[in-house]
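Student: FYI, the numbering for the sequence shown is 86 to 812, going by our numbering.
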Amino acid sequence: MDELKPLEGPATSRDLDITGMHCAACVRRVERALLAVPGVTDASVNLASERVRVSFARAPDIAGAIAAVERAGYKAQARRDEGAAGPIGASQASAAGWDHELIRLGVGVVLTLPLLVGMAVPGFALPPSAQAILAAIVLSYAGAGFYAYAWTALRGGAATMDLLVALGTSAAFVLSLFDLFRGGPLYFEASSTVVTLVLAGRWLERRVRRRAGDALRALAALRPATARVLGLDGGETDVPVGQVVPGQRVVVRPGERIPVDGLIREGEGDVDEALLTGESRPVPKRPGERVIAGAVNGPARLVVETMAVGPDTWLAGIMRIVETAQASKAPIQRLVDRVSAVFVPLVILVATITFLGQWWWTGEAGHALIDAVSVLVIACPCAMGLAAPAAIMATTGAAARHGILIRRIEILEAARRIGTVAFDKTGTLTRGKPALLDMATVPDVDAMDALALAAGLQQGSEHPLAKAVMTAAAEKGVVPARIAGIRALPGRGIIGQRGLMLGNDRLMTEQGVDTTPLAQTVAGYRRDGHTVAWLVREGRALAVFAFGDPVRVGAVEAVARIKLQGLNVALLSGDHAASAEAVAREIGITQVSAELLPEEKVAAVERLRAPGGGVAMVGDGINDAAALTAADIGIAMGEGTDVAMASAPVTLARPDLKLVPAVLDIARRGRAKIVQGLFWAFAYNAVGIPLAALGYLSPMVAGAAMALSSVSVVANALILTRWKPEP
86 MDELKPLEGP ATSRDLDITG MHCAACVRRV ERALLAVPGV TDASVNLASE RVRVSFARAP
146 DIAGAIAAVE RAGYKAQARR DEGAAGPIGA SQASAAGWDH ELIRLGVGVV LTLPLLVGMA
206 VPGFALPPSA QAILAAIVLS YAGAGFYAYA WTALRGGAAT MDLLVALGTS AAFVLSLFDL
266 FRGGPLYFEA SSTVVTLVLA GRWLERRVRR RAGDALRALA ALRPATARVL GLDGGETDVP
326 VGQVVPGQRV VVRPGERIPV DGLIREGEGD VDEALLTGES RPVPKRPGER VIAGAVNGPA
386 RLVVETMAVG PDTWLAGIMR IVETAQASKA PIQRLVDRVS AVFVPLVILV ATITFLGQWW
446 WTGEAGHALI DAVSVLVIAC PCAMGLAAPA AIMATTGAAA RHGILIRRIE ILEAARRIGT
506 VAFDKTGTLT RGKPALLDMA TVPDVDAMDA LALAAGLQQG SEHPLAKAVM TAAAEKGVVP
566 ARIAGIRALP GRGIIGQRGL MLGNDRLMTE QGVDTTPLAQ TVAGYRRDGH TVAWLVREGR
626 ALAVFAFGDP VRVGAVEAVA RIKLQGLNVA LLSGDHAASA EAVAREIGIT QVSAELLPEE
686 KVAAVERLRA PGGGVAMVGD GINDAAALTA ADIGIAMGEG TDVAMASAPV TLARPDLKLV
746 PAVLDIARRG RAKIVQGLFW AFAYNAVGIP LAALGYLSPM VAGAAMALSS VSVVANALIL
806 TRWKPEP
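1. Mapping DSSP to helix, strand and coil, what is Asn382?
2. Buried or exposed: where does Ser795 fall if 16 or more other Cβ atoms within 10 Å of its Cβ makes it buried?
3. Measure the C-alpha to C-alpha separation of Leu307 and Ile343 and round it to an integer number of angstroms.
4. Look at the alpha carbon of Pro746 and the alpha carbon of Ala500, and state the distance between them as a whole number of angstroms.
5. With DSSP as the reference, identify every bridge partner of Lys160, one or two as the case may be.
6. Restricting to runs no shorter than 3 residues, where is the beta strand (DSSP E) found entirely within the region 632-668?
7. In whole angstroms, give me the CA-to-CA distance for Pro145 and Gly124.
8. Report yes if the CB atom of Ala618 is closer than 8 Å to the CB atom of Leu587, and no otherwise.
9. Helix, strand or coil: how does DSSP classify Leu776 here?
10. Can you confirm whether the region 375-394 touches the region 334-353 when touching is taken to mean that 3 or more C-beta pairs between the two stretches lie within less than 8 Å?
11. Please report how far the alpha carbon of Ala645 lies from the alpha carbon of Ala655, in whole angstroms.
12. Look up Ala175 in the DSSP assignment and say whether it is helix, strand or coil.
13. Is the number of C-beta pairs between the region 770-783 and the region 734-753 that are closer than 8 Å three or more?
14. Could you tell me the alpha carbon to alpha carbon distance between Arg99 and Thr197, rounded to whole angstroms?
15. Measuring straight from C-alpha to C-alpha, what distance separates Arg350 and Gly332?
16. What residue range does the alpha helix (DSSP H) around Asp534 cover?
17. Determine, using beta-carbon pairs with one atom in the region 708-719 and one in the region 598-615, whether at least three such pairs fall under 8 Å.
18. Under 8 Å between C-beta atoms, does Ala800 make it to chain C?
19. Using DSSP with H/G/I as helix, E/B as strand and the rest coil, what is Arg591?
20. Compare the C-alpha of Ala251 against each of Val112, Val432, Met702 and Val462 and name the closest.
21. Thinking C-alpha only, which one of Ile774, Gly719, Ala802 and Val786 is nearest Val760?
22. Could you check whether Leu538 and Ala566 sit closer than 8 Å to each other, using their CB atoms as the reference points?
23. Would the beta-carbon of Ala378 fall within 8 Å of that of Val345?
24. According to DSSP, simplified to helix, strand and coil, what is Gly347?
25. Could you give the DSSP three-state label for Asp750: helix, strand or coil?
26. For Val636 versus Val607, is the C-beta distance shorter than 8 Å?
27. Does the distance from the CB of Val139 to the CB of Ala121 come in under 8 Å?
28. Among residues of its own chain, excluding the 5 on either side of Ala569, which ones have a beta-carbon nearer than 8 Å to its beta-carbon?
29. For the 8 Å Cβ check, are there 3 or more pairs between the region 512-528 and the region 430-444?
30. Run through DSSP, which three-state label would Ser261 get?
31. What does the Cβ neighbour count give for Pro212, buried or exposed, with the cut at 16 atoms within 10 Å?
32. To which residues of the same chain is Asn708 closer than 7 Å at the C-beta, ignoring the five residues directly before and after it?
33. Determine the closest residue to Thr311 out of Arg291, Gly395, Pro369 and Gly228, with distance taken between C-alpha atoms.
34. In angstroms with no decimal places, state the Cα-to-Cα distance between Ser783 and Ile455.
35. Going by DSSP, what residue range makes up the beta strand (DSSP E) through Asn131?
36. With a threshold of 8 Å, are at least 3 pairs of Cβ atoms found where one atom belongs to the region 475-491 and the other to the region 684-701?
Here you go:
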């Protein structure tokens with residue numbers, strides 16, 4: 086956890102909140118408008134979050150981008166708190182638009198009900214003039230947005246869902262006005278009901294799709310507004326967290342959320358990081374260890390020296406990673422973009438053919454026009470535009486809640502091709518820090534006495550093996566012996582008074598020490614790939630210590646779960662063969678490649694890809710960066726280096742290897758939801774448009790079906806928000 090530093094997105098990318106988008110055609114229109122702005126290199130719209138990420142080749146021209154969006158007929162504003170990863174849908178404009186839409190819906194419902202009652206109950210029909218007035222109010226007020234956006238789109242040479250609704254309802258209303266004077270059938274209730282149903286569908290759809298951003302909003306809510314700064318005189322002052330600067334010390338009382346990233350200087354206790362890393366149990370923290378903003382302090386009072394605040398915190402970095410993924414487009418969504426470019430014009434053509442065909446067949450222009458209206462209404466491409474972004478938001482949000490940070494959404498496509506999962510060893514399958522794994526003594530020497538002597542020799546040393554000895558002594562309650570005259574022998578070991586020595590084989594050879602009594606034990610240690618150190622007193626070997634890099638907790642279970650998914654598992658390591666093979670045996674991996682240079686790891690990934698499909702690579706170090714990039718899915722351990730995390734599209738927020746099979750599981754599920762959403766979106770139209778064209782659907786039924794299509798597609802994607810890794 087101490088080294089986890091999520092990386093920021095490109096400095097030349099900015100997010101805009103967009104109001105007024107309703108369908109895939111709207112998405113395409115906004116993107117085309119932004120791409121026409123000088124200096125804009127890319128624009129990616131997320132319909133579900135009503136946001137667009139704009140990339141610039143030079144200094145961002147936010148004003149120019151907003152102006153382009155508004156010329157296209159939509160409203161835009163720069164995200165508040167740019168760079169700090171604010172919650173999805175938090176813009177005031179979006180909230181105000183939602184409230185206004187609810188008022189319009191209420192007016193539509195109240196004024197449409199009398200028209201429906203009059204149609205359904207014989208003898209209770211309103212006078213034709215009253216029907217016309219009510220319908221006119223519904224269309225001019227409740228449906229005003231449709232006509233405004235349709236007109237703007239039409240002026241720009243674009244065809245959107247609003248144009249379909251505006252054409253259909255206007256046609257029904259104008260026909261009814263004409264028949265009002267000539268005594269023909271009236272369709273005022275049809276035009277009013279369509280407007281009301283479409284508004285209801287949009288309102289429900291927005292309510293449902295906001296749930297896809299719940300994970301990100303929950304993260305945003307973790308940021309405390311104030312911090313308690315500790316003064317030089319020992320006094321405590323509450324200040325806005327944005328005013329805290331690195332180096333200042335803040336006091337965190339029991340039960341409070343930690344306001345900054347920093348190092349504990351006073352206090353010791355458990356910290357709950359569940360909502361940040363998915364770690365279900367409180368994490369013990371001691372002075373000198375790092376804590377992160379948003380975590381909940383346990384029962385102890387902590388004094389934390391500030392390292393980062395606001396947009397520089399680990400929490401803000403997580404949110405940037407998740408939002409970047411949510412703003413991305415899955416490769417399968419390109420199909421939607423191509424279809425949406427011709428869909429609305431094609432629907433208008435089908436509606437025209439329907440009108441002419443039905444008029445010719447029945448001889449009734451009014452009936453033919455109503456069938457054409459049904460075609461226009463049911464053909465809304467909202468569901469197509471929402472299928473992919475809703476599933477992406479649900480997938481990345483659920484993954485982040487459990488400690489999986491998805492940076493690039495392409496992994497959803499790649500996951501289904503994975504045939505092999507390859508692991509680095511040191512720092513990935515193992516902890517990356519040496520530990521004292523075993524020790525043996527000659528018959529007349531007590532093991533704890535030998536450990537006390539070794540700890541006494543190592544006191545004050547910063548060598549990794551020395552720390553391992555001191556840690557083992559502390560865990561066993563052994564007090565280090567007092568030894569004077571300690572002197573280090575570089576590359577060999579350490580010596581002290583009374584002829585005490587702790588060192589490697591080279592030191593034993595130089596000093597002529599007889600190691601025969603423990604030779605058989607040492608041979609076993611070496612077969613297991615352990616590093617060996619001898620304890621000697623006055624020329625006699627007393628004990629031998631075996632050091633190694635312990636396998637991470639959960640490694641065996643993670644490998645077993647990956648195999649249960651029908652995948653191969655391989656170990657690619659730069660360490661010597663004996664060590665790599667020992668770790669592989671312990672956790673159940675049979676395919677091992679050791680002593681690999683970074684470029685050789687890349688070649689190994691390519692070899693694994695050839696026979697068994699795609700490759701997922703899990704690593705943590707600089708030497709893994711190239712392999713993480715070469716793999717179909719790169720998964721970086723959160724405790725690894727910045728280079729490794731920058732090279733991988735997935736980062737594990739906590740060093741839990743059981744998250745590796747979970748990455749593949751959530752990625753496959755996310756893609757499945759995209760495919761399902763697009764299938765149902767196309768299916769609604771494939772079935773509904775022919776039925777409407779043949780006269781089997783009234784405009785009201787078409788409006789209800791269209792609203793249902795959007796809500797059902799988003800609701801299906803939201804099933805992913807309940808996803809959890811296998812227990």
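Quick reminder that beta carbons are idealized off the backbone N, C-alpha and C, glycines included.
Tutor: This is what the structure gives:
1. Taking the first residue of the sequence shown as 1, we reach residue 382 at position 297. Strand, per DSSP.
2. Translated into positions along the sequence shown, residue 795 becomes position 710. Buried, because 16 or more other Cβ atoms sit within 10 Å of the Cβ of Ser795.
3. By 1-based counting over the sequence shown, the position of residue 307 is 222. By 1-based counting over the sequence shown, the position of residue 343 is 258. So the two alpha carbons sit approximately 9 Å from each other.
4. If you number the sequence shown from 1, residue 746 lands on position 661. If you number the sequence shown from 1, residue 500 lands on position 415. In a straight line, the C-alpha of Pro746 is about 11 Å away from that of Ala500.
5. Position 75 of the sequence shown, counted from the first residue, corresponds to residue 160. Beta-bridge pairing by DSSP links Lys160 to Thr104.
6. List check, beta strand (DSSP E) in window: 653-657.
7. Taking the first residue of the sequence shown as position 1, residue 145 is located at position 60. Taking the first residue of the sequence shown as position 1, residue 124 is located at position 39. Put simply, the backbone Cα of Pro145 is about 8 Å away from that of Gly124.
8. Residue 618 sits at position 533 when you count from the first residue of the sequence shown. Residue 587 sits at position 502 when you count from the first residue of the sequence shown. Here Ala618 is near Leu587, since their CB atoms are less than 8 Å apart.
9. Translated into positions along the sequence shown, residue 776 becomes position 691. Judged by DSSP in its simplified three-state form, Leu776 adopts helix.
10. When Cβ pairs closer than 8 Å are counted between the two stretches, the region 334-353 is seen to touch the region 375-394, the count reaching three or more.
11. As a first step, residue 645 is located in the sequence shown; it is residue number 560 there, counting from the start. As a first step, residue 655 is located in the sequence shown; it is residue number 570 there, counting from the start. Rounded to the nearest angstrom, the gap between the Cα atoms of Ala645 and Ala655 is 12 Å.
12. In the sequence shown, counting from the first residue as 1, residue 175 sits at position 90. Residue confidence for Ala175 is low, a pLDDT of 40 falling below 50, so the modelled location carries little weight and cannot support an answer.
13. No: fewer than three Cβ pairs fall under 8 Å.
14. Locating residue 99 in the sequence shown gives position 14, counting from the first residue. Locating residue 197 in the sequence shown gives position 112, counting from the first residue. Computed Cα separation, rounded: 43 Å.
15. Counting from 1 along the sequence shown, the entry for residue 350 is found at position 265. Counting from 1 along the sequence shown, the entry for residue 332 is found at position 247. Whole-angstrom Cα-Cα distance: 11 Å.
16. Your numbering for residue 534 matches position 449 in the sequence shown. Run containing Asp534: Ala532 to Gln543, per the alpha helix (DSSP H) assignment.
17. The way I'd put it, the region 708-719 doesn't touch the region 598-615; fewer than three beta-carbon pairs between them come closer than 8 Å.
18. No chain C appears in this structure, which consists of one protein chain only.
19. Stepping through the sequence shown from its first residue, residue 591 is reached at position 506. Correct three-state label for Arg591: helix.
20. The count along the sequence shown starts at 1 and reaches residue 251 at position 166. That would be Val462, whose Cα lies nearest to the Cα of Ala251.
21. The sequence position of residue 760 within the sequence shown is 675, counting from 1. Comparing Cα positions, the closest option is Ala802.
22. Against the sequence shown, residue 566 aligns to sequence position 481. Against the sequence shown, residue 538 aligns to sequence position 453. Inclusion of Ala566 and Leu538 in the CB contact set at 8 Å is warranted, their separation being smaller than that value.
23. In the sequence shown, residue 378 corresponds to position 293, counting from 1. In the sequence shown, residue 345 corresponds to position 260, counting from 1. The answer is yes: Cβ separation under 8 Å.
24. Taking the sequence shown and counting its residues from 1, the one referred to as residue 347 is at position 262. Collapsing the DSSP output to three states places Gly347 in a strand.
25. Stepping through the sequence shown from its first residue, residue 750 is reached at position 665. Looking at Asp750 - three-state DSSP - the assignment turns out to be helix.
26. As a position in the sequence shown, residue 636 is number 551, starting the count at 1. As a position in the sequence shown, residue 607 is number 522, starting the count at 1. No, the Cβ-Cβ distance between Val636 and Val607 is not below 8 Å.
27. Taking the first residue of the sequence shown as 1, we reach residue 139 at position 54. Taking the first residue of the sequence shown as 1, we reach residue 121 at position 36. No. Outside cutoff.
28. The sequence position of residue 569 within the sequence shown is 484, counting from 1. Answer for Ala569: Gly581 and Gln582, listed in chain order.
29. Under the Cβ criterion (8 Å, minimum of three pairs), the region 512-528 does not count as touching the region 430-444.
30. Within the sequence shown, the letter at position 176 stands for residue 261. Note: Ser261 maps to helix in three-state DSSP.
31. To locate residue 212, count along the sequence shown from 1; it is residue 127. Exposed, because fewer than 16 other Cβ atoms sit within 10 Å of the Cβ of Pro212.
32. Indexing the sequence shown from 1 puts residue 708 at position 623. The beta carbon of Asn708 sits closer than 7 Å to the beta carbons of Gly659 and Pro683 from its chain, once the five residues preceding and following it are set aside; these are given in chain order.
33. For the purposes of this step, residue 311 is taken as residue 226 along the sequence shown, with counting starting at 1. For the residues Arg291, Gly395, Pro369 and Gly228, the minimum Cα distance to Thr311 belongs to Gly395.
34. Walking along the sequence shown from the start, residue 783 turns up at place 698. Walking along the sequence shown from the start, residue 455 turns up at place 370. Spanning the two alpha carbons is a distance of roughly 7 Å.
35. Position 46 of the sequence shown, counted from the start, is the residue given in the question as residue 131. Looking at the DSSP string, the run of the beta strand (DSSP E) that includes Asn131 is Val125 to Asn131.
36. With a cut-off of 8 Å, the region 684-701 and the region 475-491 do not count as touching, because too few Cβ pairs lie within range.
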